[in-house]
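Participant: This is the structure I want to talk about, given as structure tokens.
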Amino acid sequence: MKNLAVIGLQWGDEGKGKVIDLLTPSFDIVARYQGGHNAGHTVCIGQQRVVLHLLPSGALHRGKLCVIGNGVVIDPQAFFEELEMVKKIVPLDEKKIIVSDRAHIILPYHLELEKIQEEIRGAKKIGTTFRGIGPAYVDKYGRLGIRAGDLVNAAFLEEQVGLNLDQKNIIFQRFNFPSLDEKKIVRDYQNFGERLKPFVREITAVLNEEIKKGKRILFEGAQGTLLDIDFGTYPYVTSSNATAGGICTGLGLPPSQVSNVLGIVKAYTTRVGGGPFPSEAEPQMASRLQERGNEFGATTGRPRRCGWFDLVAVKYACRINGVSRIALMKPDVLEDLDEIPVCVSYRYKGTVITEFPSESWLLEKVEPVYKTFKGWKTPLKGVSSWEELPAAFKDFISFLEDNLAVKIAIVSTGKERSETVIKDRELAELVNLQRVKDCLNQELN
């Protein structure tokens with residue numbers, strides 16, 4: 004296996020952080036290609052829970068080259084705060100962190116615009132993180148953006164900030180928000196530019212040179228397929244391409260470099276914020292799943308909406324990402340249930356729907372059709388071999404594999420790296436849990 008993409012197949016929060024952390028020792032480079040600091044990847048280092056929002060998870064592993072691609076939007080303040088946080092946990096070689104000179108920068112006016120936009124939407128609000136991600140992408144495509152490589156060009160920075168504030172201060176005044184100080188923004192971001200300068204590179208040349216040397220890349224996705232700007236439940240989506248297709252445009256690599264895709268799913272489904280959720284559980288059960296699964300946002304702390312595994316949605320996500328293997332996360336959350344429903348289709352006005360609709364209004368009105376499985380009623384925590392898994396849980400896995408036409412290669416049985424069942428020979432050889440354990444010991448020493 005050369006390069007590997009790790010992609011969420013639901014509405015984010017699937018458990019990508021653990022899988023990426025598990026795989027990282029076997030790769031040379033970990034690359035982020037989209038999103039910003041609106042997503043949190045949670046990793047356990049010993050007894051410590053670490054949440055990364057912007058840095059690739061490889062930052063927690065010694066010697067890995069960590070790349071933040073041009074498809075990412077960067078808040079410089081968040082970037083430096085996260086660097087300092089990681090330094091307190093593991094030794095960090097800053098020369099191994101590189102940022103694309105084409106990555107767009109989040110500025111103070113982006114945060115203010117997001118507040119206004121959500122206020123205008125009222126009951127139809129998206130449920131954003133208020134971190135300026137969406138407005139930064141809007142400026143990118145509106146050709147008003149400022150990129151990491153631009154911050155050290157004082158004349159360009161001053162001109163571009165002025166052009167932006169000429170437009171945006173009018174909006175702020177209209178909604179009784181204070182106008183922003185152009186000189187302060189220019190001064191602050193010139194300083195950020197000087198601090199960022201050692202990290203900023205033209206990454207396409209770097210990555211292609213590393214590939215020529217035989218180095219392997221782990222592509223780290225943020226959010227999930229159903230939040231993709233094009234293929235998600237629009238308009239209740241993020242502002243970037245969270246699917247495998249975003250790797251090429253977000254890092255400047257050809258499609259031939261993305262041949263292996265590991266899709267990540269929970270054994271149930273969660274969603275943060277507004278938008279359709281056909282398999283959402285009734286409130287009492289949703290609260291039960293929320294508590295058992297600790298379903299609260301790593302970035303915002305907001306409670307996640309909870310429901311059942313949606314076969315229609317995940318089958319769709321597998322197709323558009325070209326998923327070759329699946330990792331099934333958090334089945335231990337369901338282990339006390341007598342019955343476990345799986346949504347196998349939708350029904351709308353008497354018609355059965357087996358393909359995931361593109362229209363959010365339709366998804367809001369469909370009724371889920373469930374197939375119910377017998378609960379396995381057996382603790383999974385600590386299980387690390389296929390033979391130890393209960394028969395009822397194996398039946399659940401087999402059903403998913405048969406209907407998704409993709410093998411489940413990894414089963415997570417707990418938070419720790421060691422609490423993992425790998426039933427795919429190539430991945431088992433790649434991961435080598437003993438090597439992961441040795442790597443962890445090295446990082447903490």
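For the sequence shown, the positions run 4 to 448 when this note's numbering is used.
Backbone N, C-alpha and C fix where the C-beta goes; we use that ideal spot for every residue, glycine too.
Please read these numbers as outputs of a predicted model, since none were measured by experiment.
(1) With DSSP as the reference, label H113 as helix, strand or coil.
(2) In whole angstroms, what separates the C-alpha of V434 from that of T416?
(3) Taking the straight line between their C-alpha atoms, what separation do you get for K440 and F359?
(4) Since I believe G152 is in contact with V209 (beta carbons under 8 Å), could you give me their beta-carbon distance rounded to a whole number of angstroms?
(5) Which runs of the beta strand (DSSP E) at least 3 residues long sit entirely within the segment 29 to 115? Give them in chain order.
(6) V326 to W311, Cα distance in whole Å?
(7) I323: which of G253, D233 and Q293 sits nearest, CA to CA?
(8) Measuring straight from C-alpha to C-alpha, what distance separates G249 and F222?
(9) Go through its chain and collect everything with a Cβ distance to L183's Cβ below 8 Å, but skip five positions before and after it.
(10) Give the range of the beta strand (DSSP E) segment to which P371 is assigned.
(11) In chain order, what residues of the same chain lie with their CB nearer than 7 Å to the CB of H56, ignoring the 5 residues before and after it?
(12) Leaving out five residues before and five after V355 in sequence, what residues of the same chain have Cβ atoms less than 8 Å from its Cβ?
(13) What first and last residue would you give for the beta strand (DSSP E) that runs through V189?
(14) Quick check on DSSP: helix, strand or coil for M288?
(15) Quick check for students: name the residue ranges of the beta strand (DSSP E) that lie wholly in the segment 241 to 324, counting only runs of 3 or more.
(16) Go to E342, then tell me how far its beta strand (DSSP E) extends in each direction, as first and last residue.
(17) Give the straight-line distance between the Cα atoms of S242 and G137, rounded to the nearest whole angstrom.
(18) Can the beta-carbon of L12 be found less than 8 Å from the beta-carbon of T272?
(19) Taking 8 Å as the cut-off, decide whether the C-beta atoms of A2 and R308 are in contact.
(20) Using the C-alpha atoms, what's the distance from F178 back to D24?
(21) Measure the Cβ-Cβ separation of G253 and C321 and say whether it is below 8 Å.
(22) Determine the closest residue to Q293 out of I32, G378 and K333, with distance taken between C-alpha atoms.
(23) Since I believe Y351 is in contact with K368 (beta carbons under 8 Å), could you give me their beta-carbon distance rounded to a whole number of angstroms?
(24) Let me know if S3 comes out buried or exposed under the rule of 16 or more other beta-carbons within 10 Å of its beta-carbon.
(25) Once DSSP output is grouped into helix, strand and coil, what is the label at V9?
(26) What residues in its chain sit with their C-beta under 6 Å from that of Q120, if we drop five residues either side in the sequence?
(27) In its own chain, which residues sit with a C-beta less than 7 Å from the C-beta of E298, not counting the 5 before and 5 after it?
(28) When the distance is taken between beta carbons, is G385 closer than 8 Å to L337?
(29) Cβ of L63 within 8 Å of Cβ of I77?
(30) Out of G66, V33 and V54, which has the shortest C-alpha to C-alpha gap to D16?
Facilitator: To lay it out plainly:
(1) Correct three-state label for H113: helix.
(2) Whole-angstrom Cα-Cα distance: 16 Å.
(3) Confidence at K440 is low in this model, with a pLDDT of 48, below 50, so its placement is unreliable and the value that follows should be read with caution. Taking the straight line from one Cα to the other gives about 40 Å.
(4) Not really, about 14 Å apart at Cβ, beyond 8 Å.
(5) Scanning the segment 29 to 115 from its first residue to its last, the whole beta strand (DSSP E) runs of 3-plus residues come out as 32 to 35, 44 to 48, 51 to 55, 68 to 71 and 100 to 103.
(6) Going by the C-alpha atoms only, they are around 21 Å apart.
(7) Of the residues G253, D233 and Q293, the one whose Cα lies closest to the Cα of I323 is D233.
(8) Taking the straight line from one Cα to the other gives about 10 Å.
(9) If we look at L183 and ignore the five residues flanking it on each side, its Cβ neighbours are P111, Y112, E115, L168, K171, N172 and F175.
(10) From DSSP, the beta strand (DSSP E) with P371 extends over E370 to K377.
(11) The answer, listed in chain order, is H40, A42, G43, A81, E85 and T302.
(12) Closer than 8 Å at Cβ, skipping near neighbours: S348, Y349 and V372.
(13) Looking at the DSSP string, V189 is not in any beta strand (DSSP E); the run it does join, the alpha helix (DSSP H), is E185 to L199.
(14) In the structure shown, the three-state DSSP call for M288 is helix.
(15) Segments of the beta strand (DSSP E) lying fully in the segment 241 to 324: 264 to 269, 271 to 274 and 308 to 313.
(16) That run of the beta strand (DSSP E) goes E342 to Y351.
(17) Their Cα atoms are separated by approximately 5 Å.
(18) With respect to T272, L12 sits apart: the two C-beta atoms are not nearer than 8 Å.
(19) One cannot answer for residue 2 here, as it falls past the ends of the chain, which runs 4 to 448.
(20) Rounded to whole angstroms, D24 and F178 show a C-alpha spacing of 44 Å.
(21) Between G253 and C321, the C-beta spacing is not below 8 Å.
(22) Considering only alpha carbons, the answer is K333.
(23) A Cβ-Cβ distance of about 6 Å is found for the pair K368 and Y351, placing them in contact under the 8 Å criterion.
(24) Residue 3 is absent from the model: the chain starts at 4 and stops at 448.
(25) Correct three-state label for V9: strand.
(26) Counting only Cβ-Cβ distances below 6 Å, and skipping sequence neighbours, we find nothing.
(27) For E298, where only same-chain residues beyond five positions count, the Cβ hits under 7 Å are T273, L292, P306, R307 and C309.
(28) In this structure, G385 does not lie closer than 8 Å to L337 by Cβ.
(29) The Cβ atoms of L63 and I77 do not sit closer than 8 Å to each other.
(30) That would be V54, whose Cα lies nearest to the Cα of D16.
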